[in-house]
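Top line first, the protein sequences correspond to chains A and B.
Reading the first sequence from the start, the letters are residues 1 to 271 in my numbering.
Reading the second sequence from the start, the letters are residues 1001 to 1271 in my numbering.
Backbone N, C-alpha and C define an ideal beta-carbon position, used for all residues, glycine too.
Predicted model only: the values in this text are computed from it and were never measured.
Below is one structure, written out as structure tokens, with a few remarks after it.
There are 2 protein chains.
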Amino acid sequence: MQNHAYVVNGFLHGTVSPLDRGLAYGDGVFRTIKVVDGMPECWSLHYQKLESDCSAIGIVCPSADLLMSDMQQLIQTGEDSVAKIIITRGDGERGYTLPAVSMPSRIVIKSAMPQYPEAYASLGVRLSICDTRLPWQPKLAGIKHLNRLENVLARMEWHDPEIFDGILLDNECHVIECTSANIFARHANVLITPMLDNCGVAGVTRQRIIDSVHSLGLQAKVDVITIEQLLKADEIIICNSIHGALSVRQIQENVIPTTQLANVIRRTLVE
Amino acid sequence: MQNHAYVVNGFLHGTVSPLDRGLAYGDGVFRTIKVVDGMPECWSLHYQKLESDCSAIGIVCPSADLLMSDMQQLIQTGEDSVAKIIITRGDGERGYTLPAVSMPSRIVIKSAMPQYPEAYASLGVRLSICDTRLPWQPKLAGIKHLNRLENVLARMEWHDPEIFDGILLDNECHVIECTSANIFARHANVLITPMLDNCGVAGVTRQRIIDSVHSLGLQAKVDVITIEQLLKADEIIICNSIHGALSVRQIQENVIPTTQLANVIRRTLVE
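This is the structure we're talking about:
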């Protein structure tokens, strides 16, 4: 793994304690942030979400200054890359009982910015529908926590490199998200994204799109969407912090209409 | 954390890579094993379960010899302690896609044997009923994987040191297990333990009890149990590899009858 550099609890090339509860139980949260021209994009929104996700599972989030200084150890002036921040509850004794005093761990990993084929932006991407279902767990819904075995199992379902991502449904066959992206379905001038009260990850880019599409004459709506409703959409868009908004041109064998909307949204997100 | 010693990928005092998928996604499994007189108890059963859990999520389990040699670096002749073995999928690139070649990590941690008050064995223990529910995920049911945030949240629910463990229910109010133990309910001469096809961890000690209670004139049964049925049991027993079998004398405000059965089973397990 030569393509990565990392800082652990402030130490460049640091390593993780075998007693870290992030490893033992997935007891922590994370963020994936696009770094453009040496600057983490939307840092204040990402930090806000990190803090709120930490708080949801009772972890005191390290300060934004501390995390920014960790990132600055890794990011060169002017470079484009991806920064991943993991916050865990830190070391623990054996067993689930919380440590009397928690010292959260912070792990910041820099990776190369992925290079996507130009056709993903110009023509859109293909998705599959995963068999792995997301069960309802309202206490963890929306949180980008470290318990991601379902995403791993879902990603193991396809090997076709033409498939960009897979759609995750809950046990009611409601659309929730993709393994690494949120999803929007446009019906006329309403842009609907799944409600994530029971499962799924509520991403920062999803929220930015919800907050901004009125400027494009669209109405954003958070609602339950069945897979049948999704496949009848006038247009489908997926988004995350790295690739921004992308059109979906095909889901399994279903061809999905595309317009320039994803490109317009993607450009809006950069501004 | 002075009470632990560990071996990571064969190295004493080794540390974990920040790129390990066990940390990133909880992409791995674990075992907790009682070490008595310098020997891991029921090692072949534990290894069999480790291998089967690894296989269920597509990890090639390191050999029993390798893991035994890791443990031997830690365990002194004649000592009593607890060995925890974590197997992860090893380092990964960014994203859920499996590495082209996985190099599973093995982390072995030795802890002191916990000292339980004598009254736990002589009088039984008290349990609470947790609010945190275990959702159904048949693809991960039974596996002792590293996605254990639900156990962490459940353990955060009580602070009373008199409560030994908490009962976890699924969304249908079926009893599944405790946060750190499996559970049995005796009705007349039938010893019932919850079916774990949809969630929960199928422990080695649970299986040993299922396989052996006929010698005590009892019939073992794996079935759905509601919390109401549990509370009407003639007797309730919890078990894990560390404390063996213990009687439950109280669940919330409900006093539960106890006999010597847990003690008899506990002694049987040691043989």
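Name the chain B residues whose beta carbon is nearer than 7 Å to that of residue i?
i: G26/A; result: G1026, L1146, N1147, R1148 and L1149
i: V82/A; result: R1094
Could you confirm whether any beta carbon from chain D is found closer than 8 Å to the beta carbon of residue i?
i: I1057/B; result: Considering every chain present, this structure includes no chain D. Its protein chains are A and B.
What does residue i touch in chain A if you count any residue whose Cβ is under 7 Å from its own?
i: P1018/B; result: Y6, V8, T15, V16, I107 and I109
i: L1012/B; result: What L1012/B touches in chain A: nothing, since even the nearest Cβ is about 11 Å away.
Mapping the DSSP letters down to three states, classify residue i as helix, strand or coil.
i: G166/A; result: strand
i: E1118/B; result: helix
i: N1189/B; result: coil
i: C54/A; result: helix
i: G1095/B; result: coil
i: R1249/B; result: strand
i: L228/A; result: Note that residue 228/A corresponds to Glu in the displayed sequence, not to Leu. The answer is helix: DSSP assigns E228/A an H, G or I state.
i: L1123/B; result: coil
i: D70/A; result: helix
i: N254/A; result: strand
i: S128/A; result: strand
i: T1268/B; result: helix
i: L12/A; result: strand
i: D211/A; result: helix
i: H1159/B; result: coil
i: Q1005/B; result: According to the sequence shown, residue 1005/B is Ala rather than Gln. If DSSP states are grouped into helix, strand and coil, A1005/B belongs with the strands.
i: T205/A; result: helix
i: Q48/A; result: helix
i: N151/A; result: helix
i: G22/A; result: helix
Compute the Euclidean distance between the alpha carbons of residue i and residue j, then round it to the nearest angstrom.
i: I1237/B; j: S1247/B; result: 5 Å
i: I192/A; j: E118/A; result: 26 Å
i: I176/A; j: I1086/B; result: 31 Å
i: D1197/B; j: I129/A; result: 24 Å
i: G1217/B; j: Q1229/B; result: 22 Å
i: M1001/B; j: E1041/B; result: Low confidence applies to M1001/B: its pLDDT is 47, below 50, so where it sits in the model is not reliable enough to give any reading.
i: S44/A; j: V35/A; result: 13 Å
i: R1106/B; j: S17/A; result: 13 Å
i: Y47/A; j: P257/A; result: 36 Å
i: D1053/B; j: Q260/A; result: 46 Å
i: A181/A; j: G1095/B; result: 11 Å
i: V82/A; j: P114/A; result: 8 Å
i: N1189/B; j: D1234/B; result: 9 Å
i: G38/A; j: T179/A; result: 27 Å
i: R1206/B; j: L74/A; result: 48 Å
i: S111/A; j: P1099/B; result: 15 Å
i: D1020/B; j: N1151/B; result: 22 Å
i: R1186/B; j: R186/A; result: 56 Å
i: R1148/B; j: E93/A; result: 15 Å
i: Q76/A; j: L269/A; result: 23 Å
i: L1012/B; j: S55/A; result: 35 Å
Short of 6 Å in beta carbon distance, which residues of its chain neighbour residue i, apart from the five on each side in sequence? Order them along the chain.
i: L1127/B; result: D1165, I1167, V1248 and I1251
i: A1245/B; result: I1237, C1239, A1262, I1265 and R1266
i: I1109/B; result: H1004, Y1006 and K1084
i: F1184/B; result: L1191, T1193 and I1237
i: M1103/B; result: G1090
i: A1220/B; result: L1191, I1210 and V1213
i: G1142/B; result: L1196 and A1202
i: H145/A; result: V29
i: I163/A; result: R126 and S128
Applying a beta-carbon distance threshold of less than 8 Å, which residues of chain A neighbour residue i?
i: W1136/B; result: P135 and N171
i: T1179/B; result: Y96
i: L1153/B; result: I57, K139 and L140
i: T1213/B; result: Note that residue 1213/B is Val in the sequence shown here, rather than Thr. Ordered by position in chain A, no residue passes the 8 Å Cβ test against V1213/B, which lies about 27 Å from the chain.
i: M1156/B; result: G58 and L98
Run down chain A in chain order and give the residues with a C-beta less than 9 Å from the C-beta of residue i.
i: L1023/B; result: V16, D20, G22, L23, G26, G28, I86, T88, I107 and L146
i: N1003/B; result: E93 and R94
Give me, in chain order, the residues of the same chain whose beta-carbon lies closer than 7 Å to that of residue i; leave out the 5 immediate sequence neighbours on both sides.
i: H1243/B; result: Y1116
i: L1050/B; result: V1029, R1031, C1061, I1085 and I1087
i: L231/A; result: I251 and N254
i: G10/A; result: D70
i: H1174/B; result: P1194, V1224, I1225 and T1226
i: G1058/B; result: none
i: W158/A; result: S128 and G166
Residue i versus chain B: which residues are under 8 Å apart at the beta carbon?
i: T132/A; result: K1139
Near residue i, which residues of its chain fall below 8 Å by C-beta distance, leaving aside the five closest residues on each side in sequence?
i: G136/A; result: Here residue 136/A is Trp; the residue named in the question, Gly, does not match the sequence. For W136/A, where only same-chain residues beyond five positions count, the Cβ hits under 8 Å are D170, N171, N198 and C199.
i: M1068/B; result: P1040 and W1043
At least 3 beta-carbon pairs within less than 8 Å: the region 1024-1041 of chain B vs the region 1088-1103 of chain B: The region 1024-1041 of chain B makes contact with the region 1088-1103 of chain B; the number of CB pairs closer than 8 Å reaches 3 or more.
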